[in-house]
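Chains as they are written, first to last, in our numbering: chain U, 2 to 372; chain X, 2 to 372. Cβ atoms here follow ideal geometry from the backbone N, Cα and C, with glycine treated the same way. A short write-up of the structure that comes next.
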């Protein structure tokens, strides 16, 4: 989303901090993914931003949804989103959540452990399960840890165990890492999928759901592969490995950031300034604890200032008294004054959803253009 | 707060995750600090936990309050806490907040930069200002960064500038680091204070407010100095340096964790298990994003299991799909099953206040015993 004069003018109406979303940008992202990945079904990972307007808008466009919890399910049901468009790829689910999905006839869900299969068999016995396997996360800005995923070498065993427990193993999922800058991760993942697919077939398990996971990158400060480039390697790999299996194939993608990340701009106000030693500091009304959590691990957003003053190196502190609350470290910015506004670009995903009101500072409100 | 049979029994009534507070423990902490630090006025740093019951209880005990934001001020005013018991030690305040404090006749506030003095002079010109200076943070579990504080060598200049701008410089504050395990930090701070005090006196600035800051530690997994030991070194230092100034001295302490940290136990339920490679994992319904944020920087809470099974090394994942959401890394715990409860001790401070509902997982509710 580009910071235009129109956006700046519109922003003046609101008290900072706030997020201004452009719903048309979400549509553009949605259509671009649909266009570039052959036959893909988009399942929005609603954890990225669960504002009802965004969910409703995506539902209207035809999107499906990926959920992780009972409250996410409740939110979608409240919005009258059809259960057939809901899948759950959280590999660890509470019994309560499983029961609720069973009641709603939501069947497609992920797993990656024996204990989870036992739990699903007990609380949602008609489920169709998707095995999450570990794939390469090389070159992702936010690589995943060992928290989730089964080793590919154990995949067949897991698929057979699910079948043995009366569940229907229907496919595979993975995660190439959030904000994935390396398109080869998808190529590698599909290669691994193919091996498992063939092994499963030999044991009479016919997999049909091929989930590409999340990780679709958006433009921040580093160069990124285009959706077209990512689509090309994915399409090629699917044609190569799944050519004779494509009739029954259901291909899903679960983007969060890739749909909403670049569809919003956060506006903040400079509330203070200081010179500490030789370092220049400014302080703003949004920080790590009320909206910019991702900056904690060197994730850097692009910043724009209204001022056109001489550029200088500044560190930016958030509003709270917490010493970890330093969203930007030694960045280049035009000289600004207290009261000036700053615009933090591409902040639609993983911002307000991580935010708390720690120290009494408010979570950015969400407003829309083109809604 | 000790996990007794009574507490476990009482906990059964509530759905996890939740915090169970013992108000008597808060009183005990309050009285212990009052007893061990001669003439101290306790100003609760409400950011640690701003539940109205806790604030009201402390007000009833006679506590003052340290605030950082307009919403914290509003909360205290709603609770009818007298303005004379409110101070603000956030060194960077928004103009809006300064104006609100001026209207409420809340005068005592911190600063640490020239820009802040200019701002205070403009928006709250009758303020009595307290200079925050940098002191040693050696041996604190949560050392502060360069985000706040003036160099002691520049202190006089800052005091004179405040006076020049029509404000009344009345004292000094500092922060020895959160969960400070090294009592000498207070000794060093008071030594630095004394030098500044004398210099200020020579220039006709009579300082009277001596703020000891926060940092009072509570028992987690490492040995800590007792309040008695901390009190002794503080009392000795104050007697040594401020003997002939004690008549007009107002000594404040701004504890957050030190008052409420060990007054609560968090109860959580095991929702999943997995073996990943050779590592055992369990998953619980509270994690970094909905209550255990402090574990992100190796801050470790003590954990108790109901189970008395054989101990094993496990890593514990939080409920969200976020890969950073791993509150405990390779800790020793009795073997547990899905559905078992775990008790996370001394979780009264900096837990629920940092929590978001990311991914649909709930912020722990707060309940009370002895209220």
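query, result
"Using a Cβ-Cβ cut-off of 7 Å, state whether residue 274 (chain U) counts as contacting chain X.", "yes"
"Determine, using beta carbons only, whether residue 214 (chain X) comes closer than 7 Å to chain U.", "no"
"Measuring straight from C-alpha to C-alpha, what distance separates residue 302 (chain U) and residue 221 (chain U)?", "6 Å"
"Does residue 1 (chain U) pass the burial test, meaning 16 or more other C-beta atoms within 10 Å, or should it be called exposed?", "No information on residue 1 (chain U) is available, as it lies outside the stretch 2 to 372 that chain U covers here."
"Among the candidates X:59, X:167, X:69 and X:93, whose CA atom is the shortest distance from the CA of residue 80 (chain X)?", "X:59"
"I'd like to know if the stretch 108 to 116 of chain X and the stretch 124 to 143 of chain X are in contact, where contact means that at least 3 CB-CB pairs between them fall below 8 Å.", "yes"
"Using only alpha-carbon positions, find the residue among U:140, U:269 and U:313 that is nearest to residue 319 (chain U).", "U:269"
"Going by alpha carbons, who is nearest to residue 54 (chain U) out of U:352, U:261 and U:357?", "U:261"
"Are the CB atoms of residue 305 (chain U) and residue 344 (chain U) within a distance shorter than 7 Å?", "yes"
"Is there contact between the stretch 328 to 338 of chain X and the stretch 286 to 297 of chain X, where contact requires at least three CB pairs shorter than 8 Å?", "yes"
"Give the interface partners of residue 120 (chain X) over in chain C, defined as CB-CB distance under 8 Å, in chain order.", "The structure shown has no chain C; the protein chains it does contain are U and X."
"Out of U:165, U:87, U:277 and U:264, which has the shortest C-alpha to C-alpha gap to residue 118 (chain U)?", "U:165"
"Compute the beta-carbon to beta-carbon distance between residue 48 (chain U) and residue 257 (chain U), rounded to the nearest angstrom, for a pair I have assumed lies under 8 Å.", "6 Å"
"How about residue 181 (chain X): is its C-beta nearer than 7 Å to some C-beta of chain U?", "no"
"Judging by CA-CA distance, which residue of X:243, X:223, X:120 and X:341 is the nearest neighbour of residue 275 (chain U)?", "X:120"
"The beta strand (DSSP E) spanning residue 129 (chain X) covers which residue range?", "129 to 133"
"Go ahead and label residue 14 (chain X) buried or exposed: buried means 16 or more other beta carbons lie within 10 angstroms of its beta carbon, across all protein chains shown.", "exposed"
"Can you tell which of U:2, U:39 and U:287 has its C-alpha closest to the C-alpha of residue 233 (chain U)?", "U:39"
"Out of U:147, U:8 and U:203, point me to the one whose CA is closest to residue 317 (chain X)'s CA.", "U:147"
"Excluding five sequence neighbours on each side, which residues of the same chain lie with their C-beta closer than 7 Å to the C-beta of residue 152 (chain X)?", "135"
"Write down every uninterrupted run of the beta strand (DSSP E) in the stretch 151 to 206 of chain X whose length is 3 residues or greater and which is fully enclosed by it, in chain order.", "169 to 174 and 179 to 181"
"What are the residues in the stretch 97 to 109 of chain X lying within 7 Å of chain U by C-beta distance?", "none"
"From what residue to what residue does the alpha helix (DSSP H) around residue 75 (chain X) run?", "71 to 79"
"Since residue 335 (chain X) and residue 19 (chain X) should fall inside the 8 Å C-beta cutoff, what is the C-beta to C-beta distance between them, to a whole number of angstroms?", "Going by Cβ atoms, the distance from residue 335 (chain X) to residue 19 (chain X) rounds to 22 Å, so no, they are not a contact pair."
"Got a sec? Which residues, its chain only, sit under 7 Å from residue 162 (chain X) by beta carbon, not counting five neighbours each side?", "115 and 118"
"Once DSSP output is grouped into helix, strand and coil, what is the label at residue 139 (chain U)?", "coil"
"Going straight from the alpha carbon of residue 321 (chain U) to that of residue 91 (chain U), what length do you get?", "32 Å"
"Since residue 68 (chain U) and residue 87 (chain U) should fall inside the 8 Å C-beta cutoff, what is the C-beta to C-beta distance between them, to a whole number of angstroms?", "6 Å"
"Is residue 163 (chain U) close to chain X? Criterion is C-beta to C-beta, closer than 7 Å.", "no"
"Could you tell me whether the stretch 275 to 294 of chain U touches the stretch 30 to 44 of chain U, using the rule of 3 or more Cβ pairs below 8 Å?", "no"
"With 7 Å as the threshold, decide whether the Cβ of residue 293 (chain U) is near any Cβ in chain X.", "no"
"Select from X:223, X:186 and X:219 the residue whose C-alpha is nearest the C-alpha of residue 145 (chain X).", "X:186"
"Give the secondary structure of residue 234 (chain U) by DSSP, where H, G and I count as helix, E and B as strand, and everything else as coil.", "helix"
"Near residue 368 (chain U), what residues of its chain come up, given a Cβ to Cβ distance below 8 Å and the 5 sequence neighbours on each side ignored?", "15, 19, 20, 21 and 22"
"Name the chain X residues that come within less than 7 Å of residue 251 (chain U), Cβ to Cβ?", "Neighbours of residue 251 (chain U) on chain X: none; closest Cβ ~21 Å, over 7 Å."
"Start and end of the beta strand (DSSP E) containing residue 251 (chain U)?", "251 to 254"
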